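First comes the structure, then the notes that go with it.
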Amino acid sequence: DAKTTQPPSMDCAEGRAANLPCNHSTISGNEYVYWYRQIHSQGPQYIIHGLKNNETNEMASLIITEDRKSSTLILPHATLRDTAVYYCIVRVARQGAQKLVFGQGTRLTINP
Amino acid sequence: DTAVSQTPKYLVTQMGNDKSIKCEQNLGHDTMYWYKQDSKKFLKIMFSYNNKELIINETVPNRFSPKSPDKAHLNLHINSLELGDSAVYFCASSPPEASGRHYNEQFFGPGTRLTVL
Numbered sequence: 004d005a006k007t008t009q010p011p012s013m014d015c016a017e018g019r020a021a022n023l024p025c026n027h028s029t030i031s032g033n034e035y036v037y038w039y040r041q042i043h044s045q046g047p048q049y050i051i052h053g054l055k056n057n058e059t060n061e062m063a064s065l066i067i068t069e070d071r072k073s074s075t076l077i078l079p080h081a082t083l084r085d086t087a088v089y090y091c092i093v094r095v096a097r098q099g100a101q102k103l104v105f106g107q108g109t110r111l112t113i114n115p
Numbered sequence: 012d013t014a015v016s017q018t019p020k021y022l023v024t025q026m027g028n029d030k031s032i033k034c035e036q037n038l039g040h041d042t043m044y045w046y047k048q049d050s051k052k053f054l055k056i057m058f059s060y061n062n063k064e065l066i067i068n069e070t071v072p073n074r075f076s077p078k079s080p081d082k083a084h085l086n087l088h089i090n091s092l093e094l095g096d097s098a099v100y101f102c103a104s105s106p107p108e109a110s111g112r113h114y115n116e117q118f119f120g121p122g123t124r125l126t127v128l
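Written as structure tokens, this is what we have:
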């Protein structure tokens, strides 16, 4: 699996957009980009995934560069409840058990 | 509620004891996992079962033995507990292909904090 690099921490003001970057320069053509987050003392939570195109769901948007070597997770209107560690994971998608490899992630703090 | 549940939430025990952590999911998923999150917050997979069959077995001491009595349950039994086993253990599940959801969308339980004294 391709390695990902994320900043260890970020701050964002409540109500603003939080943009979390992820570098995955060695990503291969069949690997997806996944984002999970872990709010303090809870289990990780799936946010969004994408292959090539930008994706949006009720939680966030995912922008993947054309060369797919980096991506940005966007929380459009961050709230205090979005304070969490955010993990960017690159993985092939196939049926059956999948080993998600969690790195250190980005600790996002939303400030009032 | 539909969810992945774990019991107990907290487990404090002495070194050398044997303990079990239970996990149940009522999401109709075929695949279940155990992850360990240590004191440095690194989250690592330990095991995965698909339809009661062991699929992933990372380099985990054989004191750890997962058991899947059916697709909805994956329990973790730990023998001869050691201080280094202290961690938060998360159970997770992922949907089958036929569900239309993505393979790598894993649903995690709330975790079991194990403390070995």
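From first to last, the protein sequence lines stand for chains A and B.
What the first sequence shows, in our numbering, is residues 4 to 115, in sequence order.
What the second sequence shows, in our numbering, is residues 12 to 128, in sequence order.
The beta-carbon is built from N, C-alpha and C at its ideal position, and this holds for glycine as well.
Please read all numbers here as calculations on a predicted model, not as lab measurements.
Start-end ranges of the beta strand (DSSP E) lying completely within the stretch 50 to 119 of chain B, minimum 3 residues: Inside the stretch 50 to 119 of chain B, DSSP marks whole beta strand (DSSP E) runs of 3 or more residues at positions 54 to 61, 64 to 68, 75 to 81, 84 to 89, 98 to 105, from first to last along the chain.
In three-state terms, what does DSSP make of Arg84 (chain A)? In the first sequence, the residue the question calls residue 84 (chain A) occupies position 81. Three-state result, Arg84 (chain A): helix.
Hey, Tyr100 (chain B) and Thr126 (chain B) are a contact pair by Cβ (cut 8 angstroms); roughly how many whole angstroms apart? Walking along the second sequence from the start, residue 100 (chain B) turns up at place 89. Walking along the second sequence from the start, residue 126 (chain B) turns up at place 115. No, Tyr100 (chain B) and Thr126 (chain B) are not in contact; Cβ-Cβ is about 12 angstroms, not under 8 angstroms.
Proximal residues to Ser50 (chain B) (C-beta, below 8 angstroms), its chain only, five neighbours per side dropped: Along the second sequence, one-based indexing puts residue 50 (chain B) at 39. Within the same chain, Ser50 (chain B) has close Cβ partners Ser97, Ala98.
CB contact below 8 angstroms: Ile32 (chain B) versus chain A: Counting from 1 along the second sequence, the entry for residue 32 (chain B) is found at position 21. No, no contact with chain A.
By the criterion of Cβ-Cβ separation under 9 angstroms, what are the contact partners of Phe119 (chain B) in chain A? The residue you call residue 119 (chain B) lines up with position 108 of the second sequence. In chain order: Tyr39, Gln41, Gln45, Gly46, Pro47, Gln48, Tyr49.
The beta strand (DSSP E) with Pro24 (chain A) in it runs from where to where? For the purposes of this step, residue 24 (chain A) is identified with residue 21 of the first sequence, where counting begins at 1. From DSSP, the beta strand (DSSP E) with Pro24 (chain A) extends over 21 to 26.
Could you run through the stretch 86 to 100 of chain B and flag, in chain order, every residue whose CB is less than 7 angstroms away from some CB of chain A? Residues: none.
Cβ closer than 7 angstroms: which chain A residues qualify as neighbours of Glu116 (chain B)? In the second sequence, the residue the question calls residue 116 (chain B) occupies position 105. In chain order: Tyr49.
If we cut at 8 angstroms on Cβ distances, does Gln101 (chain A) have a partner in chain B? For this step, residue 101 (chain A) is matched to residue 98 along the first sequence. True, the Cβ-Cβ gap to chain B drops below 8 angstroms.
Measuring alpha carbon to alpha carbon, tell me which residue in B:Ser105, B:Thr42, B:Lys55, B:Glu93 is nearest Lys78 (chain B). The count along the second sequence starts at 1 and reaches residue 78 (chain B) at position 67. Just measuring C-alpha positions, the residue of B:Ser105, B:Thr42, B:Lys55, B:Glu93 sitting nearest Lys78 (chain B) is B:Thr42.
In whole angstroms, give me the CA-to-CA distance for Gly47 (chain A) and Phe119 (chain B). Against the first sequence, residue 47 (chain A) aligns to sequence position 44. Against the second sequence, residue 119 (chain B) aligns to sequence position 108. First, the residue type needs correcting, since residue 47 (chain A) is Pro and not Gly in the sequence shown. Rounded to the nearest angstrom, the two C-alpha atoms are 6 angstroms apart.
How would you label Asp29 (chain B), buried or exposed, when you count the other beta carbons within 10 angstroms and need 16 or more for buried? On the second sequence, residue 29 (chain B) is found 18 positions in, with the first residue counted as 1. Exposed, by the Cβ-count rule.
Kindly indicate the opening and closing residues of the beta strand (DSSP E) around Ser31 (chain B). Reading the second sequence from its first residue, position 20 is the one you call residue 31 (chain B). Run containing Ser31 (chain B): 30 to 36, per the beta strand (DSSP E) assignment.
Does Met62 (chain A) come out as helix, strand or coil in the three-state DSSP assignment? For the purposes of this step, residue 62 (chain A) is taken as residue 59 along the first sequence, with counting starting at 1. Annotated three-state conformation of Met62 (chain A) is coil, per DSSP.
Between the Cα of Leu92 (chain B) and the Cα atoms of B:Ser104, B:Asn86, B:Leu128, which residue gives the shortest distance? Position 81 of the second sequence, counting from 1, holds the residue named residue 92 (chain B). Looking only at B:Ser104, B:Asn86, B:Leu128, the smallest Cα-Cα distance to Leu92 (chain B) is reached by B:Leu128.
What does Gly122 (chain B) touch in chain A if you count any residue whose Cβ is under 9 angstroms from its own? The residue you call residue 122 (chain B) lines up with position 111 of the second sequence. Correct list: Ser44, Gln45, Gly46.
Per DSSP, what kind of secondary structure is His43 (chain A) in: helix, strand or coil? Counting from one through the first sequence, the residue named residue 43 (chain A) turns up at place 40. When secondary structure is reduced to three states using DSSP, His43 (chain A) falls in the coil class, being assigned neither helix nor strand.
I need the straight-line Cα distance from Gln9 (chain A) to Cys34 (chain B), nearest angstrom please. If you number the first sequence from 1, residue 9 (chain A) lands on position 6. If you number the second sequence from 1, residue 34 (chain B) lands on position 23. Their backbone Cα atoms lie some 31 angstroms apart in a straight line.
Between the CA atoms of Ile56 (chain B) and Leu87 (chain B) - distance to the nearest angstrom: Numbered from 1 along the second sequence, position 76 holds the residue referred to as residue 87 (chain B). Numbered from 1 along the second sequence, position 45 holds the residue referred to as residue 56 (chain B). Straight-line Cα distance between these residues: approximately 13 angstroms.
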